[in-house]
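Asker: Going by this note's numbering, the sequence shown runs without a break in its numbering and finishes at 492.
Virtual Cβ for every residue (Gly too), placed ideally from N, Cα, C.
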Amino acid sequence: MLQGVRGDRRWAFRRLGCRRDAPDPAGDGVALARHENVARLAFVVALIGCLGSPVGAQSAPPARLRVIVVRMVERVPYGIAFDPIRVTAQPGDTVRFVQAGGMPHNVEFRSVPMAADLGELRVGPMLVSVGQTYDVVIDGRFPPGKYVYVCTPHEVLGMAGIIYVEERPR
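(1) Tell me the residue span of the beta strand (DSSP E) that contains E430.
(2) Assign E477 to one of three DSSP states: helix, strand, or coil.
(3) With a CB to CB cut of under 7 Å and the five nearest residues on each side skipped, what residues in its chain are close to V395?
(4) Near A437, what residues of its chain come up, given a Cβ to Cβ distance below 6 Å and the 5 sequence neighbours on each side ignored?
(5) Please classify Y469: is it buried, with 16 or more other beta-carbons within 10 angstroms of its beta-carbon, or exposed?
(6) Helix, strand or coil for R397 per DSSP?
(7) Between the region 404-418 and the region 433-448, do at least 3 Cβ pairs fall closer than 8 Å?
(8) Per the DSSP calculation, D439 is bridged to which residue(s)?
(9) State the beta-bridge partners of Q421 as determined by DSSP.
(10) Please classify G441 as buried or exposed, where buried requires at least 16 other C-beta atoms within 10 Å of its C-beta.
(11) Does V389 pass the burial test, meaning 16 or more other C-beta atoms within 10 Å, or should it be called exposed?
(12) Nearest by alpha-carbon distance to I484: which of G467, L443 and L387 is it?
(13) Excluding the 5 residues flanking V434 on each side, which residues of the same chain have their C-beta closer than 6 Å to its C-beta?
(14) Span of the beta strand (DSSP E) holding G483?
(15) In three-state DSSP terms, what is R408?
What follows is the structure, given as structure tokens:
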């Protein structure tokens, strides 16, 4: 490395022919050292940027798992109902049924896609106290499709709802 002083600037030539100028009012070489450290840092940052993902490649944002609340209500003018009546869920989401009225309610799946194997989830527990919940996690037992459910004690009054299960976008 060749070094020299021109006016109030110190300079240096490296093997690669790079020229570095930095003011060095004290003449002690500290400014030159700082300048070289900044140049090294810039090089490392640029190198990391080049080694990242291939051009045009985008990483998918992390999937957001949701809790979808369905209230079991008795109210005028709708009467006894699930609120909302229809929801859309994706794998990993949780559909939370909340007892929000004074009468006992439950969830029983009546119409499901052929590939669905709900097992013990086909009929949920009876919720008798305000604030009780029943969670249904949309997992491998729920292939994409339409899931119709009812409240067994109030089915004759039209208390029914639908969960549409969609595939999670990639």
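Answerer: Based on what the coordinates show:
(1) From DSSP, the beta strand (DSSP E) with E430 extends over E430 to S433.
(2) Helix at E477.
(3) Around V395, the same chain offers A403, D405, A422 and G423 as residues with beta carbons nearer than 7 Å, after the five sequence neighbours per side are excluded.
(4) Exclusion of the five residues before and after A437 leaves P465 as the residues of its chain whose Cβ lies within less than 6 Å of its Cβ.
(5) Buried, by the Cβ-count rule.
(6) Reduced to three states, the DSSP call for R397 is strand.
(7) With the cut-off at 8 Å, the region 404-418 and the region 433-448 do not touch.
(8) Looking at the DSSP output, D439 bridges to nothing.
(9) Q421 is bridged to M394.
(10) Of the residues assessed, G441 falls on the exposed side of the cut-off, its CB having fewer than 16 other CB atoms within 10 angstroms.
(11) Taking every protein chain shown into account, the CB of V389 has fewer than 16 other CB atoms within 10 angstroms, so this residue is exposed.
(12) Measuring from the Cα of I484, the nearest candidate turns out to be G467.
(13) Correct list, in chain order: Y469.
(14) For G483, the uninterrupted beta strand (DSSP E) run begins and ends at A482 to V487, by DSSP.
(15) In the displayed model, R408 falls within a strand according to three-state DSSP.
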